[in-house]
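Worksheet: the structure to be examined is printed underneath.
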Amino acid sequence: MAGQIPEETVDEIRRSNDIVDVVGEYVSLKKQGRNYFGLCPFHGENTPSFSVTQEKQIFHCFGCGKGGNVFTFLMEIEGFTFQQTVQYLAEKSGHSLPASVGQETDQENNSEEQIHLKAFAWLTKLYHHLLRHTKEGKQAYQYLLDRGFTDEMIDLFQLGYAPQSRELVVQFLEKKGFHTQQMIRAGVLTANEQNQASDRFRGRVIFPIRNHLGKSIGFGGRTITDQEPKYLNSPESALFQKGRLLFNFDLARSTIRNSEQAVLFEGYMDVISAYQAGIKNGVATLGTSITENQAKLLNRYVNTVIICYDGDQAGIDASYKAARLLHQVDCNVKVASIPEGLDPDSYIVKYGENRFQNEIIEVSNTYMTFLMEYLKKDYNLQLEGDRMQYIEKVIDELATIKRPMEREYYAKELANTYDLSINTMMQEIKDRRKKLGVQQDNQQTSSHTRNKVGFSKQKKLLPAYHKAEKQLLAYMLHDVSIAENVKERLGASFNLDLHKIIVTHLYAFYEEGNNANISQFIERIDDTTIKNEIVEIAMEPIHPDVSDKEIQDYIWLIKAEQEDKATIRSLQQAQKQAEVQKDFVKAAQIGMEILEIQKKIKNANS
C-alpha cells in the first residue's frame, strides 16, 4: 500500500506523529479516562461520540462508524492521497523521504491547482525579499515599522512588497517555468484590454493569505499611496474562496485549541498587532462579513469566540451581524468594546499591549449584554411605546438562548430594570420558544434520553457467538500469542464472513513477524468497511490478564454455533425426506427437535 515508500519509513513516520496531536489540530479533544473525546468532524453531532485512543493510535466515531489511524484521518479530512499524507506527516516530523517518492508526488501534483500553489509559494518569497532587502521596498518596510511591526512579525507573517514595475513579477514567473495565461487564471497576474500581463498588486504591501496547512493560496495588498481600493485581494478561485478562509488560522489554530477560544478581528493589521501583543489566537475575515462557513469552522474548534471589531459605529454594526451568526451556529459569543472609535491596531499603538489584553479582551461583554445595549439605539426608551417594543425585542432574543439559567439571569435583569414581574417575563419567553418550535427545558432531558435510546438500538444486543467473535478478535489484535492459540484451535472458522476476512489478514500480518500494533495492521487494509470494523473491535474493552479458560469459552461458543447450525441443516434435510416419503409423524418429530435446538440458541443469546 505504501507504493515506493519503504514500509519501515511509513511505520517510523506514523510512530513519530501522535494521533492525538494530529487530530487535535482539527477537533477539540478532552480526555476522559484513557481516551480523548470530541465532536466528530465527519458528521454533525451535538454530543461527542468521536474517540481517539493514544495507546492504540487509532480513532473511531461511535456515531458514523468511521475509524482508522493517523493516515486514515488525514486522508478523510483533507482529501489527501496516501503519498501526500505520508509526505505531509514526514515534513511535520522532520523525516526525509527517498527522491523517488518526491518525483512520484510531483507527478501527482501536476494539476493546475498544485501549479498555482507553487506559484504563490515563489511569489511569497519574492515579495518578502523585495520588502526586506531592496531599495524599492524600503518605503513599504518603513511603513510597517511605523505601524509598530517588528522584524520578527514581518518575517513570521512573510509580509512583502509588490514593486511598481509591470514586468518584474511576470518575468520572474516565466523564468520559474509558469505559463503567463495560467497565472492570469490563477489571479496571480492581471491582463489589460491588449492582453498584456502585469502584477495585479504592484505598489502595495503584501499580506500572504495561507490555508490551514500554512500554504500561500492568495494575497491581500494594502496601498501605501493613494491607490484605490485601499485593500485588494486575490480574485476568487478554486484555491482562494474568501468565504471559507480565515486569515492567520494556520498559526492561530494550536493556540485556539489550547485556549478554547478565538478572537475574531476585521483586518490583517489587527491580527498581526494582536499577535505581537501576545494574543496568538486571533483570526480575521478577508475584507467581508463573516460567513456561515467561517462561523462553522470556528465552532468546530472552539466554544467561545470573542469579536473584536473597530470601535466606530460601522464596526459595532458589523459586530452585531457577526455575533448573531456565530450565536446561530451555537458558539458562545463575546464582544469586545473599543473606546474612542479606535480599531484594535490603533488602540494597541496608543495604549499598549497590557491595556488591550486586560481592558478590552478580558472584559468582553457576553452576547446578551452586548445585544441588549446594541438594540437600544433603535428606540427612544423615554417613550412608553418604544420601551415596550424594545422589551419585546429583547424577549425574542432571550428565547433563542439554550441554557435556562442564562435566560433567567437576563430576564431578571430586564424585569428589574423596567419594573416588571419575573414570572410574566419567563412566561413570555416560554411562549416565544414554543412559537419558534424550540424544545422546552423539560423536553430536553427526554430528547437526550431518546438520543441515548437511539444509540443503544444501534448497539443492540448481539447473539452470543457474535459477541464471542468480536471479543476474541479484540484480544487477538492486542496479543500475538492469543492469536496463535486461536489459530491452532479454530483457524479462520468464524461464523461471520467479515470476521473471517479480518482474522485471515491478521494471521498473515503476524506471520510476517510483526508485533501486535493495530495502527500498523489497519494500514494493510484497503477496504473501508473492513478497516472500520477492525477499529470498532479494537475499541472493545479487554482484560490485560485474560485467562486461557475465557479464551477457550469464546472458542466454544463460536464452535457451538457452527455445530448447532450444521445439526439444524441436517435435520431439515431429514425432515424434507420424511415429508417426501409421507412419514408425517417422523417429520413432526424432527420439527420438534429443530425447535428445541433453536430455542436453546435463542436462550443462549438472550
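For the sequence shown, our numbering begins at 1 and goes up steadily by one. C-beta: ideal position from N, C-alpha, C; glycine also.
**OP:** In angstroms with no decimal places, state the Cα-to-Cα distance between I256 and V503.
**Re:** Computed Cα separation, rounded: 42 Å.
Subject >> Alpha-carbon to alpha-carbon, K599 and A492 >> reply: So the two alpha carbons sit approximately 27 Å from each other.
Original post:
Is it buried or exposed for E341, if we count other Cβ within 10 angstroms and need 16 for buried?
Top reply: The sequence shown places Gly at residue 341, rather than the Glu named in the question. Note on G341: under 16 other CB atoms within 10 angstroms of its CB, so exposed under the neighbour-count rule.
Original post:
Rounded to whole angstroms, how far is the Cβ of A197 from the Cβ of T180, which I believe are closer than 8 Å?
Top reply: Contact check for A197 and T180: beta-carbon distance about 5 Å, within the 8 Å limit, so the pair qualifies.
Subject >> beta strand (DSSP E) segment containing H60, residue limits >> reply: 58-61 is the span of the beta strand (DSSP E), which, as asked, contains H60.
**OP:** Answer yes if the segment 324-334 comes into contact with the segment 304-313, meaning at least three C-beta pairs across the two stretches below 8 Å, and no otherwise.
**Re:** These segments touch.
**OP:** Classify Y26 as helix, strand or coil using the three-state DSSP reduction.
**Re:** Residue state, collapsed to three classes: coil.
Subject >> L122 to L173 span [Cα, whole Å] >> reply: Checking the sequence shown, residue 122 turns out to be Trp, not Leu. Answer to the nearest angstrom: the Cα atoms are 8 Å apart.
Subject >> Extent of the continuous alpha helix (DSSP H) run through I502 >> reply: Bounds of the alpha helix (DSSP H) holding I502 are 497-511.
Original post:
At which residue ranges does the segment 182-208 contain complete alpha helix (DSSP H) runs of 4 or more residues, listed in the order of the chain?
Top reply: If only uninterrupted alpha helix (DSSP H) runs of at least 4 residues are considered, none is enclosed by the segment 182-208.
**OP:** Under 8 Å by Cβ, that's how I've got D155 and D270 pegged, so tell me the actual separation to the nearest angstrom.
**Re:** Contact between D155 and D270 does not hold, since the beta-carbon distance rounds to 19 Å and is not under 8 Å.
Original post:
Is the CB-CB distance between A538 and A464 below 8 Å?
Top reply: Note that the C-beta distance between A538 and A464 is not below 8 Å.
Original post:
According to the neighbour-count rule (16 or more other Cβ atoms, all chains shown, within 10 Å of its Cβ), is P229 buried or exposed?
Top reply: Counting Cβ neighbours within 10 Å, P229 comes out exposed, since fewer than 16 surround it.
Original post:
What's the C-alpha gap between A560 and I501?
Top reply: When rounded, the distance between both Cα atoms is 20 Å.
Subject >> Every unbroken alpha helix (DSSP H) inside the segment 248-309 [4 residues or more] >> reply: Residue ranges of uninterrupted alpha helix (DSSP H) with 4 or more members, entirely inside the segment 248-309 and ordered along the chain, are 249-259, 268-276, 292-301.
**OP:** Decide if P163 is buried, meaning its Cβ has at least 16 other Cβ atoms within 10 Å, or exposed.
**Re:** By the neighbour-count rule (16 or more Cβ atoms within 10 Å), P163 is buried.
**OP:** Look up Y161 in the DSSP assignment and say whether it is helix, strand or coil.
**Re:** Three-state result, Y161: strand.
**OP:** Could you tell me the distance, in whole angstroms, from the CA atom of I361 to the CA atom of A336?
**Re:** Going by the C-alpha atoms only, they are around 6 Å apart.
**OP:** Could you tell me which residues DSSP puts in a beta bridge with N485?
**Re:** DSSP lists no bridge partner for N485.
Original post:
Mapping DSSP to helix, strand and coil, what is I555?
Top reply: Helix, per DSSP.
**OP:** Apply the 10 Å Cβ neighbour rule to R244 and answer buried if 16 or more other Cβ atoms are within range, or exposed otherwise.
**Re:** R244 should be labelled exposed.
Subject >> Three-state secondary structure (DSSP) of H448 >> reply: Its pLDDT being 34, under 50, H448 is placed unreliably in this model, and the value from its coordinates should be taken loosely. It is helical.
**OP:** Identify, in the order they occur along the chain, each residue of the same chain with its Cβ nearer than 6 Å to the Cβ of K125, setting aside the five sequence neighbours on each side.
**Re:** Counting only Cβ-Cβ distances below 6 Å, and skipping sequence neighbours, we find nothing.
Original post:
Does the count of Cβ pairs from the segment 15-31 and the segment 86-95 closer than 8 Å reach three?
Top reply: Using a Cβ-Cβ distance cut-off of 8 Å, the segment 15-31 and the segment 86-95 are in contact, since at least three pairs of beta carbons, one from each stretch, lie closer than that value.
Original post:
Leaving out five residues before and five after D11 in sequence, what residues of the same chain have Cβ atoms less than 7 Å from its Cβ?
Top reply: Answer for D11: Q520, listed in chain order.
Original post:
Given a threshold of 16 other Cβ atoms within 10 Å of its Cβ, counted over all protein chains shown, does Q581 qualify as buried or as exposed?
Top reply: Flag for Q581 reads exposed.
Original post:
Does the pairing of the segment 276-284 with the segment 250-264 give three or more beta-carbon distances under 8 Å?
Top reply: In the pairwise beta carbon analysis, the segment 276-284 is classified as touching the segment 250-264: at least three pairs are separated by under 8 Å.
**OP:** Could you check the C-alpha separation between L189 and F219 for me, to the nearest Å?
**Re:** Near 11 Å, if we compare the C-alpha coordinates of F219 and L189.
Subject >> Expected contact under 8 Å - CB spacing of N515 and V480 to nearest Å >> reply: With 8 Å as the limit, N515 and V480 qualify as a contact, their Cβ atoms being about 7 Å apart.
Original post:
For Q562, which of helix, strand or coil comes out of DSSP?
Top reply: DSSP places Q562 within a helical segment (H, G or I) once states are collapsed to three.
Subject >> Boundaries of the beta strand (DSSP E) in which N233 is found, first to last residue >> reply: Judged by DSSP secondary structure, N233 falls within the beta strand (DSSP E) whose first and last residues are 231-233.
Original post:
When you compare each of E469, I530, E579, G79 to Q562 by their alpha carbons, which one comes out closest?
Top reply: Minimum Cα distance to Q562 is reached at E469.
Original post:
Mind checking M1: buried by the 16 CB within 10 Å criterion, or exposed?
Top reply: The predicted model places M1 with a pLDDT of 44, which falls under 50 and marks its position as unreliable, so this point remains unresolved.
Subject >> Cβ distance (whole Å) where F50 is taken to contact F73 below 8 Å >> reply: With a Cβ gap of about 10 Å, F50 and F73 do not count as contacting.
**OP:** Can you give me the Cβ contacts of P618 inside the same chain, cut-off strictly under 7 Å, excluding the 5 residues immediately before and after it?
**Re:** Residue 618 lies beyond the residue range present for the chain, which begins at 1 and ends at 606; the question has no answer from this structure.
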